[in-house]
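2 protein chains.
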Amino acid sequence: MKISGDLLIGGAGIRGAAEAFSAVNPANGMLMEPSFGGATKEQVEKATALAWEAFPIYKEISLKDRAYFLEAIAERILELGDTLILRALDETGLARGRLEGERDRTVGQLQLFANEVREGNFQELRFDPADADRKPAAKPDLRLRNIALGPVAVFGASNFPLAFSVAGGDTASALAAGCPVIVKAHSAHPGTSALVGSAIVDAVKACGFPPGTFALLYDSGYEVGQALVADHQIRAVGFTGSRRGGTALMKIASERKQPIPVYAEMSSINPVILYPNALRHRGAEIGHSFASSLMLGAGQFCTNPGLVIAIDDTGLDAFIATATSALVKSHAQTMLSASICEAYYKGVAKLTASSSVSQVAAGMGGTPRQAPAFLFETTAAAFLAEPSLQDEVFGASGLVVRCQDEAELKNVIGSLEGQLTIALHLDEGDVQAASKMIPTLELLAGRLLVNGFGTGVEVSPAMVHGGPYPATSDGRSTSVGTLAIYRFLRPVSYQDFPMELLPEPLRQL
Amino acid sequence: MKISGDLLIGGAGIRGAAEAFSAVNPANGMLMEPSFGGATKEQVEKATALAWEAFPIYKEISLKDRAYFLEAIAERILELGDTLILRALDETGLARGRLEGERDRTVGQLQLFANEVREGNFQELRFDPADADRKPAAKPDLRLRNIALGPVAVFGASNFPLAFSVAGGDTASALAAGCPVIVKAHSAHPGTSALVGSAIVDAVKACGFPPGTFALLYDSGYEVGQALVADHQIRAVGFTGSRRGGTALMKIASERKQPIPVYAEMSSINPVILYPNALRHRGAEIGHSFASSLMLGAGQFCTNPGLVIAIDDTGLDAFIATATSALVKSHAQTMLSASICEAYYKGVAKLTASSSVSQVAAGMGGTPRQAPAFLFETTAAAFLAEPSLQDEVFGASGLVVRCQDEAELKNVIGSLEGQLTIALHLDEGDVQAASKMIPTLELLAGRLLVNGFGTGVEVSPAMVHGGPYPATSDGRSTSVGTLAIYRFLRPVSYQDFPMELLPEPLRQL
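Chains as they are written, first to last, in my numbering: chain A, 5 to 513; chain B, 5 to 513.
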């Protein structure tokens with residue numbers, strides 16, 4: 005399948021009339037064909053107008069047909085076969101196994117939401133029957149359902165070119181909820197985006213849905229994204245990216261005439277708390293798994309374990325020694341883009357330059373595109389004194405905070421910002437100490453896990469991929485798992501409606 | 005029971021050390037005993053610190069005990085007997101029957117949430133069992149529950165001195181969710197607030213809950229409210245009041261280091277759409293019920309029908325004639341406060357001064373404290389040209405918009421801001437026309453109703469008392485009915501937790 009570089013608006017390819025750009029192979033800096041025309045303000049407005057037009061129709065399409073649509077998208081993504089994988093390989097520098105796994109995850113996610121739609125619980129149907137005899141006043145007939153918020157703007161994430169991009173979690177959950185979707189493709193993988201975008205457009209056509217149900221826009225800068233979030237016809241936003249980007253969108257959304265919800269997943273250093281007994285018995289083993297998790301995919305996961313907190317002891321030394329030996333043997337890995345790699349080096353340089361931080365280990369190699377892993381350590385006192393040590397360094401860089409005692413450990417935890425995940429490593433002897441900490445940890449993260457690492461996010465009903473600000477813009481929600489559909493819904497109550505005027509799902513006696 | 009005028013912090017009466025104020029009898033302007041000391045910044049901080057301390061304990065109190073607590077509050081409010089009613093009468097100018105009804109509603113609301121807590125569905129418990137054999141990777145054990153957000157600041161509303169004040173809907177739903185509550189009493193009914201506050205404090209003591217579970221603060225100005233919303237230890241806000249007040253709190257909350265949700269119910273003119281057949285057959289009858297709804301409680305309801313939209317016809321003339329004859333016979337009613345009355349007169353004067361609006365009817369009498377009802381009319385063209393005609397005039401003032409045809413009617417509806425309710429009056433012959441309008445109306449309001457008026461908000465599972473901005477700050481929620489509890493919760497996921505470390509509700513195999 006040939007990639008045209010056209011925007012996808014109203015089911016058709018339209019050349020973007022703003023500045024064009026090309027994908028860059030992050031491994032070698034080579035430009036790739038074709039060029040992608042950025043969307044103009046008018047083209048953005050065309051897309052939002054069509055989405056608005058599609059909305060009342062799409063939101064009332066039967067659950068069966070909506071579920072089938074999600075499955076049709078999944079099928080078409082699979083049909084893209086190696087064309088998709090090869091383009092994604094070239095655009096992201098990620099390994100084939102990872103991309104194939106991510107494709108399966110993307111497809112699985114769509115199928116999961118198809119089931120969720122078919123089941124229909126998300127509609128939250130509620131019936132309060134009338135009671136004419138109630139005193140002092142008759143009770144009306146009240147019925148409630150959730151309806152879709154309206155067209156949703158989704159921003160493709162650089163680090164998940166499939167699972168959190170054009171047909172990723174935000175798109176799947178918004179479409180499942182009954183919202184048309186306009187995706188702003190991430191400029192680092194426009195070709196991958198184009199292929200997946202075509203799959204969705206094909207599915208829209210095959211289902212006979214309104215052409216405004218889906219659109220795909222390109223932009224090498226920020227204008228298209230900003231215009232989308234400011235557009236009156238956009239009613240919610242899904243974003244995964246930097247804190248700067250996320251907070252900028254939050255600001256635009258809150259300053260609109262009608263503010264809208266922004267679901268931005270922004271930054272997290274995913275603290276790992278190592279308890280004394282676990283360290284004493286398995287310090288080396290945990291150090292080994294930590295190093296693997298830290299370096300997975302060049303550390304480019306939202307759930308990458310960037311911070312380790314532990315009480316200073318021989319077990320911690322064993323942990324650090326094993327992690328170090330894994331790191332020093334590791335090779336630099338291609339990062340998703342030169343700019344991400346540059347930001348990584350800057351973050352590492354800031355840690356290196358800090359007088360209170362010492363470098364423990366560094367991986368081998370390093371170019372402006374391929375980055376080695378790093379491990380640093382500092383003291384609790386220094387960590388508490390320097391809040392910027394909590395800044396996320398996106399990539400395979402970790403910081404160990406050595407605490408003198410449980411009180412210091414508690415203080416360090418108390419100083420943490422909101423997180424996506426917090427991992428605890430513990431043995432039976434640590435349960436009591438950990439147990440006291442859980443109420444604090446629950447307030448700091450969306451997911452707590454024991455004897456594991458946050459990387460590897462299960463797509464399932466009990467998953468929360470979210471967390472208190474600044475991990476996300478809205479800690480009341482998740483962007484992974486079936487609960488994600490609720491982000492794009494709001495309840496409406498219908499009082500004393502004649503049967504024929506009620507929305508179909510509420511027509512029961 | 006004697007009212008001391010003290011703040012209630014940590015279960016004890018503490019004299020507020022900031023500027024003191026007294027309640028004013030709105031009927032005659034007389035000051036009432038005692039004086040209420042406003043809270044200082046330090047006293048606000050004392051209250052939030054205690055709430056934060058109480059939070060981890062209160063949130064994990066068994067559902068049974070939490071439900072009992074809500075019922076204990078209800079009981080104690082009833083035990084206040086006529087002391088409460090008499091003080092509320094003097095502070096609000098509302099009628100005895102109304103206040104007694106509102107007390108029953110308040111008590112019923114607490115009991116409803118007690119049942120909701122006992123039932124426990126709001127915890128949203130989810131279990132994804134582990135599967136060690138899953139390929140390519142083992143599946144972890146995942147469990148999810150909703151936890152309380154943290155201490156909540158509740159602002160008492162002037163127009164519901166019981167049902168949306170100290171122990172009103174926001175407090176009941178926040179306490180039900182597991183959140184400690186700090187109430188900023190409305191300065192128009194501090195004595196009523198003190199009595200209900202004591203009832204809650206008694207219940208906290210009787211249950212042996214942490215004293216920070218509840219606090220009551222006074223302030224004649226804005227400082228206490230602003231300090232509460234800005235305080236790091238406050239994690240959500242419930243507010244009912246003006247748009248200016250609500251948006252000011254939204255701004256403070258969004259500019260915090262950690263933004264928090266603000267659930268502000270702000271303004272709504274609750275459009276009433278009259279369809280031709282209904283008008284033709286029952287124009288006079290509808291006009292009569294409209295006038296009753298408009299004048300109920302001096303029009304001081306969030307759901308007061310402030311706007312009527314209809315196609316110009318003899319039916320509309322009959323509607324206006326009957327409404328007029330009810331209005332001109334009506335007497336001025338005492339408003340909740342002199343400032344509310346002043347604002348009402350200002351709103352009425354703006355309409356009177358508008359060259360495109362004509363006065364149809366006015367009630368009898370009028371003083372700076374007692375306001376008559378008013379009815380105005382305008383054309384669709386004028387309404388579309390002058391957006392300020394949509395500004396809420398809080399009180400018994402209504403505006404009829406005469407449309408030439410269905411197209412104009414549609415345009416007028418299309419121009420509406422977000423609303424709490426929209427009412428449709430229709431006969432069988434109107435169903436088809438109305439049916440086409442429902443998808444638009446659903447996007448404009450939280451509750452749609454047929455052949456009735458929005459006043460009289462049922463407290464039940466299928467109620468939505470909310471709506472798109474600017475009716476509320478967050479159209480994804482309701483402040484009345486059992487769904488309201490979800491405003492104060494967020495999901496947390498627990499992965500691979502040993503049984504003994506899991507929160508109690510998740511401990512099942």
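The beta-carbon is built from N, C-alpha and C at its ideal position, and this holds for glycine as well.
Asp137 (chain B) sits exposed, since fewer than 16 C-beta atoms from the chains shown fall within 10 Å of its C-beta.
At a Cβ-Cβ threshold of 8 Å, Pro30 (chain A) and Ser401 (chain A) do not count as neighbours. Partner residues in the beta bridge of Ser497 (chain B), as assigned by DSSP, are A:Arg451 and B:Leu148. Taking a C-beta distance under 8 Å as the contact criterion, Thr96 (chain A) and Ile186 (chain A) do not qualify as a contact pair. Linking Ile290 (chain B) to Val332 (chain B) through their CA atoms gives a straight-line distance of about 17 Å. Scanning B:Phe25, B:Ala449, B:Ala327 and B:Lys63 for the CA closest to the CA of Arg149 (chain B) turns up B:Lys63.
For Val361 (chain A), the pairing in a beta bridge is given by DSSP as A:Thr382. Taken in chain order, the whole beta strand (DSSP E) runs of length 3 or more contained in the segment 120-186 of chain A are 130-132, 146-152 and 156-159.
Checking the DSSP bridge columns, you'll see Leu12 (chain A) partnered with A:Gly17 and A:Leu220. Apart from the 5 residues on each side of it in sequence, Gly351 (chain A) sits with its Cβ closer than 6 Å to the Cβ of Val397 in its chain, given in chain order. Annotation for Met503 (chain A): no beta strand (DSSP E) segment contains it, and DSSP assigns it neither H nor E. Counting only unbroken stretches of 3 or more residues, the beta strand (DSSP E) elements lying wholly within the segment 393-477 of chain B are 401-407, 423-429 and 449-454, in sequence order.
Nearest C-alpha to Leu221 (chain B) among B:Thr44, B:Lys139, B:Asp431 and B:Ser464: B:Thr44. Within its own chain, the residues whose Cβ lies closer than 6 Å to the Cβ of Thr326 (chain A), once the five positions on either side in sequence are excluded, are Ala288, Gly291 and His292, listed in chain order. The C-beta distance from Ala257 (chain B) to Val241 (chain B) rounds to 6 Å, short enough to meet the 8 Å contact threshold. The Cβ atoms of Ala71 (chain B) and Ala118 (chain B) lie closer than 8 Å to each other.
When C-beta atoms of the segment 191-201 of chain A are compared with those of the segment 88-107 of chain A, three or more pairs fall below 8 Å, so the two segments count as touching.
Burial is judged here by how many other beta carbons sit within 10 angstroms of a residue's own beta carbon; Phe380 (chain B) has at least 16 and is buried. Chain A places no beta carbon closer than 8 Å to that of Asn415 (chain B), leaving this residue out of the contacts. In the structure shown, Leu93 (chain A) falls within a helical segment according to DSSP collapsed to helix, strand and coil. Relative to the Cα of Thr110 (chain B), the nearest Cα in the group B:Thr476, B:Ala466, B:Val461 and B:Tyr473 belongs to B:Val461. Just so you know, the alpha carbons of Gly15 (chain B) and Ala322 (chain B) end up roughly 58 Å apart. Contacts with chain B at 8 Å (Cβ-Cβ) do not include Arg80 (chain A).
In the structure shown, the three-state DSSP call for Ile344 (chain A) is helix. Per DSSP, reduced to three states, the secondary structure at Ile264 (chain B) is coil, with no helix or strand assignment. In the three-state reduction of the DSSP assignment, Ala22 (chain A) falls in the strand class, which pools E and B. Between the C-alpha atoms of Ala475 (chain B) and Leu420 (chain B) there is a straight-line separation of about 11 Å. The C-alpha of Leu403 (chain A) is placed about 19 Å away from the C-alpha of Ala449 (chain A).
Contacts between Thr482 (chain B) and chain A, judged by CB atoms closer than 7 Å, involve Pro495 in chain order. Within a 10 Å sphere around the beta-carbon of Gln262 (chain B) sit fewer than 16 other beta-carbons, which makes this residue exposed. Contact check for Leu453 (chain A) against Thr482 (chain A) fails: the beta carbons are separated by 8 Å or more. Using a Cβ distance threshold of 8 Å, Ile61 (chain A) and Ala207 (chain A) do not count as a contacting pair.
Interface annotation, Ser334 (chain B): not in contact with chain A, CB-CB separation never under 8 Å.
For Met339 (chain A), there is no enclosing beta strand (DSSP E), as DSSP marks it with neither H nor E. Using a CB distance cut-off of 8 Å, Arg138 (chain B) does not count as an interface residue toward chain A. Look at Ala31 (chain A) here: in three-state DSSP terms it is coil, with no helix or strand label.
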